[in-house]
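What follows is a short report on a single structure.
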Amino acid sequence: MPKKVLMVDDDRILLKLTENKLKKLKDSFTLLTAEDGQQAVAILKENHISLVLTDLHMPRMDGFALLAHLSENYPDIPVIILTAYSSPTSKKNALERGAAEYLEKPFVMEELSQKIIARLAKESEGGVLQTVPLEMFLQLVEMEQKTCTIRVTNKASGVKGVLFFKNGELYDARIRNAKGLQSAYQILSWNQVILSIQDTCAVVTKQIKDNFQAILMEAMRLKDEAAETGGSTSESQPTRSGNLNHPELSQSHEVSPAVDIRSKLEKLEGDKKWLKEIFHDDSWDILTSEAIALGRFFKAGALKCCYMNTGGATDHIVLPAEKTMVISVTTQSPHDKILQVLSE
Amino acid sequence: MNAHLKELMEIEQVLGIIYFSFDGSVFFQYYKQTEPQAINRWDLSLFAAELDNIQETELVFENIMFYIIRNRKGFLLVVLERLAPLALVRINCNILLAELDKESQKTKGLTRFFKKQS
């Protein structure tokens, strides 16, 4: 399956020209295009991208902001900067912020395609495994305390995920824009996979705190549970907002978020007459993802929960997650306390 | 800086304030420490559009909080530490927004067509 490369530039003619020129390499990769950083962010949510080529000066969201977004959310995706306004300072800035390479415009198409091919090859510099069971391989990674990035392709669905290991510890996992423990569970529940190994790990802070053996056990348990109840292990399509459903975990997931929320709310004193309903609703996802993007400027960390007053008879507490949950409450609810309990 | 704005900024746990229009244009922004890098280049239009039906919102992050409240011109976003006295912040925001509303109305009406007599 060809890999996907995303080119971001506000120069439509250059995009079209590059797209046409690189068509001859369609067996190796396909080129997706975006005209600014915000379009690129949307494409990244919907696609598994292997490499980003970006201009620096663009409207709405420029190359530096996109670079910051990539290093925060997709640290494994290498970025090649393409710019006509090259200066030693901007080059230094871009490389310091995580860009892998820097190419000045005008560039020779041959040079660009060589750089793309070389970068894509790095994804599998440590080898490609077609038939090894994932859990067995990962136990070896843990035992040998390896530092690596493992790209996992589900043979059945073609969905790709990434696992980040540092010294044998699972630091993070990612499927498109979904990150963390739930993504790890999903990847670990895949049956037949292709693994490609890169000998570096771009994730610096350990995002998954749980012990790897415990994660592996839980993933196996969920997998068995799904098999017993006839649950599918294939992926569903991403929703409108780019979030992933997790059909493998559906037996527990359909019920557990609401149950989990209810049990947290039980910690609050008094009757819960203010509580109306708890349900899944992804219509808040754009608002929360924009808030998260803005929060990055303040090193906000993860968005835990939000209180939304729309001026009506019902207020909403939004819990962003792979499946965003919403608690509708009356306007008399003790929302400060609810937020405190839910963000603990 | 407006006195009410100063008062709001003086609350220990307030880290910054951004006042922006419904189309995402920033009217003003103040930060206690240095302005976050590249925030000027960030386009708030999508965020502002998504806040369309929101009167007031609190967004709780791991390390900080955003408190956002709307008035006739747009939204006031206050960046806060997690343990900020939200009731106090809310009161100060209401006072400030009322004043900002008043200021924006000053320029409206028939008086704007006439010169002041000196």
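These protein sequence lines map, in sequence, to chains A and B.
For the first sequence, numbering that gives the first Met the number 0 assigns the number 343 to the last residue and increments by one with no breaks.
For the second sequence, numbering that gives the first Met the number 0 assigns the number 117 to the last residue and increments by one with no breaks.
All residues carry an ideal CB built from backbone N, CA and C; glycine is no exception.
Bear in mind that the values here come from a model prediction, so they are computed numbers and not experimental data.
Item checked: N210 of chain A burial status per 10 Å Cβ neighbour count (16 or more: buried) -> Here residue 210 of chain A refers to the residue found at position 211 when the first sequence is read from its first residue. Its Cβ having fewer than 16 others within 10 Å, N210 of chain A is exposed.
Checklist line | Every unbroken beta strand (DSSP E) within the segment 61-123 of chain A, with a cutoff of 3 residues, ordered by chain | finding: 78-82, 100-103
Item checked: Under 7 Å (Cβ pairs) to chain A, residues found in the segment 62-90 of chain B -> N62, I63, F65, V78, L85
Checklist line | Length of the line joining the Cα atoms of K208 of chain A and Y170 of chain A | finding: Within the first sequence, the letter at position 209 stands for residue 208 of chain A. Within the first sequence, the letter at position 171 stands for residue 170 of chain A. Straight-line Cα distance between these residues: approximately 8 Å.
Checklist line | T88 of chain A, buried or exposed, once every other Cβ within 10 Å from all chains shown has been counted against 16 | finding: In the first sequence, residue 88 of chain A corresponds to position 89, counting from 1. So T88 of chain A counts as exposed.
Note to self: Quick check for students: name the residue ranges of the alpha helix (DSSP H) that lie wholly in the segment 147-213 of chain A, counting only runs of 4 or more.
What the structure shows: 180-187
Notebook entry, point to check: For M324 of chain A, does the count of other Cβ atoms within 10 angstroms reach 16, so buried, or fall short, so exposed?
Noted result: On the first sequence, position 325 is the one that residue 324 of chain A refers to. Buried.
Margin query: Between T146 of chain A and chain B, is any beta-carbon pair separated by less than 8 Å?
Written below: Start at 1 with the first residue of the first sequence, and residue 146 of chain A comes out as number 147. Closer than 8 Å: no.
Checklist line | Length of the line joining the Cα atoms of T146 of chain A and H47 of chain A | finding: The sequence position of residue 146 of chain A within the first sequence is 147, counting from 1. The sequence position of residue 47 of chain A within the first sequence is 48, counting from 1. Each residue's Cα considered, the two are about 22 Å apart.
Next item on the list: Whole angstroms is fine: what's the gap from L99 of chain B's alpha carbon to D51 of chain B's?
Entry: Taking the second sequence and counting its residues from 1, one reaches residue 99 of chain B at position 100. Taking the second sequence and counting its residues from 1, one reaches residue 51 of chain B at position 52. Their Cα atoms are separated by approximately 20 Å.
Checklist line | DSSP three-state assignment for F21 of chain B, whether helix, strand or coil | finding: Here residue 21 of chain B is taken as the residue at index 22 of the second sequence, counted from 1. Coil.
Next item on the list: Mind checking the segment 282-315 of chain A against chain B and listing, in chain order, the residues whose C-beta falls within less than 7 Å of any C-beta there?
Entry: I285, L286, E289, A290, L293, G294, F296, F297, K298, A299, G300, A301, L302, K303, C304, C305, Y306, M307, N308, T309, G310
Margin query: Check whether chain A comes within 8 Å of D100 of chain B, counting only Cβ atoms and requiring the distance to be less than that.
Written below: In the second sequence, the residue the question calls residue 100 of chain B occupies position 101. By this cut-off, D100 of chain B is not an interface position.
Item checked: CB-CB length for D75 of chain A against E124 of chain A, believed under 8 Å -> For the purposes of this step, residue 75 of chain A is taken as residue 76 along the first sequence, with counting starting at 1. For the purposes of this step, residue 124 of chain A is taken as residue 125 along the first sequence, with counting starting at 1. Not a contact, Cβ separation roughly 13 Å.
Margin query: Let's test the definition: count the other Cβ atoms within 10 Å of the Cβ of S49 of chain A and tell me whether it reaches 16, buried, or not, exposed.
Written below: In the first sequence, counting from the first residue as 1, residue 49 of chain A sits at position 50. Buried, since its Cβ has 16 or more Cβ neighbours within 10 Å.
Note to self: For a contact defined as C-beta to C-beta under 9 Å, what are the partners of A37 of chain B on chain A?
What the structure shows: Locating residue 37 of chain B in the second sequence gives position 38, counting from the first residue. Those are D61, F63, A64, A67, F296, listed as they occur along chain A.
Check: Where do the N-terminal and C-terminal ends of the alpha helix (DSSP H) with R11 of chain A fall, by residue?
Finding: What you label residue 11 of chain A is simply residue 12 of the first sequence in a count that begins at 1. Taken as a continuous stretch (DSSP letters only), the alpha helix (DSSP H) holding R11 of chain A covers 11-21.
Next item on the list: For L338 of chain A, go through chain B and note every residue whose CB falls closer than 8 Å to its CB, in chain order.
Entry: For this step, residue 338 of chain A is matched to residue 339 along the first sequence. Near L338 of chain A (Cβ distances below 8 Å), the residues of chain B are E57, V59.
Check: Sorry if obvious, but does the Cβ on V40 of chain A come closer than 7 Å to a heavy atom of the ligand GDP?
Finding: This structure simply doesn't include the ligand GDP, nor any ligand for that matter.
Check: Which of helix, strand or coil does DSSP assign to S44 of chain B?
Finding: Numbered from its first residue, the second sequence carries residue 44 of chain B at position 45. Residue state, collapsed to three classes: helix.
Checklist line | Nearest-angstrom Cα separation, counted from D22 of chain B out to V192 of chain A | finding: For the purposes of this step, residue 192 of chain A is taken as the residue at position 193 of the first sequence. For the purposes of this step, residue 22 of chain B is taken as the residue at position 23 of the second sequence. In a straight line, the C-alpha of V192 of chain A is about 46 Å away from that of D22 of chain B.
Next item on the list: Please list, in chain order, all residues of the same chain as A299 of chain A whose beta carbon is under 6 Å from its beta carbon, the five residues on each side excluded.
Entry: As a position in the first sequence, residue 299 of chain A is number 300, starting the count at 1. Within the same chain, A299 of chain A has no close Cβ partners at all.
Notebook entry, point to check: Using a Cβ-Cβ cut-off of 8 Å (strictly less than) and excluding sequence neighbours within five positions of R11 of chain A, which residues of its own chain qualify?
Noted result: Position 12 of the first sequence, counting from 1, holds the residue named residue 11 of chain A. These residues qualify, in order along the chain: E34.
Checklist line | Residue-chain proximity (D9 of chain A, chain B), Cβ-Cβ < 8 Å | finding: Position 10 of the first sequence holds residue 9 of chain A. No, its Cβ sits nowhere closer than 8 Å to a Cβ of chain B.
Notebook entry, point to check: So with Cβ pairs under 8 Å, would you call S342 of chain A a contact of chain B?
Noted result: Within the first sequence, numbered from 1, the residue matching residue 342 of chain A stands at position 343. Cβ-Cβ to chain B under 8 Å: yes for S342 of chain A.
Checklist line | Continuous alpha helix (DSSP H) assignments of at least 4 residues falling wholly in the segment 279-336 of chain A | finding: 284-294
Next item on the list: For R150 of chain A, count neighbouring Cβ atoms within 10 angstroms of its own Cβ and tell me buried if that reaches 16, exposed if not.
Entry: Within the first sequence, the letter at position 151 stands for residue 150 of chain A. Classification for R150 of chain A: buried.
Margin query: Given this structure, state the Cα-to-Cα distance separating L65 of chain A from D42 of chain B, to the nearest angstrom.
Written below: For the purposes of this step, residue 65 of chain A is taken as residue 66 along the first sequence, with counting starting at 1. For the purposes of this step, residue 42 of chain B is taken as residue 43 along the second sequence, with counting starting at 1. About 12 Å.
Note to self: Could you check whether E71 of chain A and R295 of chain A sit closer than 8 Å to each other, using their CB atoms as the reference points?
What the structure shows: Taking the first sequence and counting its residues from 1, the one referred to as residue 295 of chain A is at position 296. Taking the first sequence and counting its residues from 1, the one referred to as residue 71 of chain A is at position 72. Yes, Cβ-Cβ distance for R295 of chain A and E71 of chain A is below 8 Å.
Item checked: Whole-angstrom C-beta distance between L96 of chain B and I53 of chain B, which should lie under 8 Å -> For the purposes of this step, residue 53 of chain B is taken as residue 54 along the second sequence, with counting starting at 1. For the purposes of this step, residue 96 of chain B is taken as residue 97 along the second sequence, with counting starting at 1. The Cβ separation is near 14 Å, so there is no contact.
Checklist line | Selection from A:T152, A:I277, A:I115, A:I116 that minimises the alpha carbon distance to Q129 of chain A | finding: Translated into the one-based positions of the first sequence, residue 129 of chain A becomes position 130. Comparing Cα-Cα distances from Q129 of chain A to each of A:T152, A:I277, A:I115, A:I116, the minimum goes to A:T152.
Check: Just the Cα atoms here: how many angstroms apart are E57 of chain B and V131 of chain A?
Finding: Within the second sequence, the letter at position 58 stands for residue 57 of chain B. Within the first sequence, the letter at position 132 stands for residue 131 of chain A. Taking the straight line joining both Cα atoms gives about 47 Å.
Next item on the list: Please check the pair V1 of chain A and D26 of chain A, which I expect to be a contact at CB under 8 Å, by giving their CB distance rounded to whole angstroms.
Entry: Taking the first residue of the first sequence as position 1, residue 1 of chain A is located at position 2. Taking the first residue of the first sequence as position 1, residue 26 of chain A is located at position 27. Note on identity: in this sequence residue 1 of chain A is Pro, with Val being the wrong assignment. That pair is a contact at about 6 Å.
Next item on the list: Taking Q37 of chain A as the query, report the chain B residues whose CB atoms sit under 8 Å from its CB, ordered along the chain.
Entry: The residue given as residue 37 of chain A occupies position 38 in the first sequence. Ordered by position in chain B, the residues that pass the 8 Å Cβ test against Q37 of chain A are D42, L45.
Notebook entry, point to check: Name the residues in the segment 318-335 of chain A whose C-beta lies less than 9 Å from a C-beta of chain B; which are they?
Noted result: H334, D335
Next item on the list: Measure the C-alpha to C-alpha separation of M13 of chain B and E80 of chain B and round it to an integer number of angstroms.
Entry: For the purposes of this step, residue 13 of chain B is identified with residue 14 of the second sequence, where counting begins at 1. For the purposes of this step, residue 80 of chain B is identified with residue 81 of the second sequence, where counting begins at 1. Checking the displayed sequence, the identity of residue 13 of chain B turns out to be Val instead of Met. Straight-line Cα distance between these residues: approximately 7 Å.
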